[in-house]
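Residue numbers (the working numbering): 43 to 405. I have placed the structure first, in the form of structure tokens, so that the comments after it can refer back to it.
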């Protein structure tokens, strides 16, 4: 496999940095990589049409090059260094700066190596999930792992953050449902929470013609997704409209929204997402703050890296104590690692996380 980073005309970026970041990320993924610069939109179109290998295309600012987004082969991952609205029908990442190129390269490689089936659970462009079934054939229904990405609930971050875990979980025998949802910066907080629940409820429809074991559902959320995972699991307790979550896993989760808002966590991410403070948006904090939803009555695994933000370490430790005091079945796993070690399939903390998940689900 050889991945191409195709640079559009007029892109504002240092060529040496693009080359070094591409080389480092391709080495991490054990693929060959190259950077090619197109002098015009027509050249860009020709280069895209001439390859069946994974491509990350950086369109740049020119209207002619940008018009190609979504009109080219589906194997192309488009990445804008700047913040741009997504283009419907395109695999389009945006707004993460130069570092985001690494995530785009990973997404392109994972899509090429282990394709997922993208399934809509609603009419909006962000209401979809990537479904990967177990890599090896199984005679029984597979347990289901639902992934909820983080990114402080901001639209520049998406489900591609969880690609590597999705691939790893499928190899471990799980049916993996990597869920995208509308983020509150563009659609409001209530749309976000409705989407997560709708994505979980959609598992019933998916299980009609697929071997999915809905009695063994584990929801794994990273960072802001950890908060969403715990809320969704608690919301579904006792409801007949959706499946029951057997285990909720928070991976470096944001588990104290009230205190996080007071500490201006993530440059004000909590208040921005929920549309105010606990004083001005009391209903949303009451419904969504994990600390205020105890007991959840859902078995819970909290995973936290010691080299992460001290505010996250603090919140996770306090939540573990509060959940146990409230009578919840909770386990706290804290190990060396930064904020992304908990979603790195090669890390020791992920290995121990899955040992705990497998044991809980009887595998």
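Glycine is no exception: its CB is placed at the ideal position from the N, C-alpha and C atoms. Only a predicted model underlies this, so the values are computations on that prediction, with no experimental measurement involved.
Asked	Found
Beta-carbon proximity list for residue 166, same chain, < 7 Å, skipping 5 on both sides	224
Bounding residues of the alpha helix (DSSP H) (the contiguous stretch that carries residue 226)	226-229
Residue environment, residue 342, which counts as buried when at least 16 other CB atoms sit within 10 Å	buried
Collapsed DSSP secondary structure at residue 405 in the structure displayed	coil
Residue range of the unbroken alpha helix (DSSP H) whose run includes residue 324	324-330
Within 8 Å, strictly: CB atoms of residue 340 and residue 279	yes
Of the listed residues 283, 209, 79, nearest to residue 100 (C-alpha basis)	79
Beta-carbon proximity check, residue 143 vs residue 90, cutoff 8 Å	no
Cα-Cα separation between residue 229 and residue 335, rounded to whole angstroms	24 Å
Unbroken beta strand (DSSP E) run spanning residue 374, endpoints	372-377
Inter-stretch contact (C-beta, 8 Å, three-pair minimum) for the segment 70-89 and the segment 124-137	no
Own chain, CB closer than 7 Å to residue 390, minus 5 neighbours either side, in chain order	377
Residue 220 versus residue 188: straight-line alpha-carbon distance, rounded	6 Å
Per-residue burial, residue 273 [other beta carbons within 10 Å of its own, 16 or more giving buried]	buried
Residues near residue 357 in its chain [Cβ-Cβ closer than 6 Å; skip 5 each side]	297, 298
Cβ neighbours of residue 331 in the same chain (closer than 6 Å, five flanking residues each side left out)	299, 300
Own chain residues within Cβ distance below 6 Å of residue 233, not counting five before or after	224
Three-state class that DSSP yields for residue 161 in the structure shown	strand
Rounded separation between residue 201 and residue 311 - CA only	18 Å
Element boundaries [beta strand (DSSP E), containing residue 264]	254-264
Assigned secondary structure, residue 172 (DSSP; H/G/I helix, E/B strand, else coil)	strand
Neighbourhood of residue 68 by C-beta distance below 7 Å, restricted to the same chain and skipping five residues each side	45, 74, 75, 147
Whole-Å CB distance - residue 206 paired with residue 324, under 8 Å assumed	Their Cβ separation, rounded to whole angstroms, is 38 Å, which puts residue 206 and residue 324 out of contact at 8 Å.
Own chain residues within Cβ distance below 7 Å of residue 266, not counting five before or after	192, 193, 194, 195, 296
When 222, 122, 117 are compared against residue 54, the one with the closest alpha-carbon	122
Contact with chain C by residue 308, beta-carbon distance below 8 Å	Protein chains in the displayed structure number just one, and chain C is not present.
Reduced DSSP secondary structure (H/G/I, E/B, other) of residue 76	strand
Euclidean distance between Cα positions of residue 163 and residue 242	9 Å
First and last residue of the uninterrupted beta strand (DSSP E) at residue 134	133-136
From 369, 171, 152, 251, residue whose alpha carbon lies closest to that of residue 160	171
Proximity of residue 139 and residue 126 at Cβ, strictly below 8 Å	no
Sheet register partners of residue 44 (DSSP bridge)	74
Span of the alpha helix (DSSP H) around residue 185	Looking at the DSSP string, residue 185 is not in any alpha helix (DSSP H); the run it does join, the beta strand (DSSP E), is 184-190.
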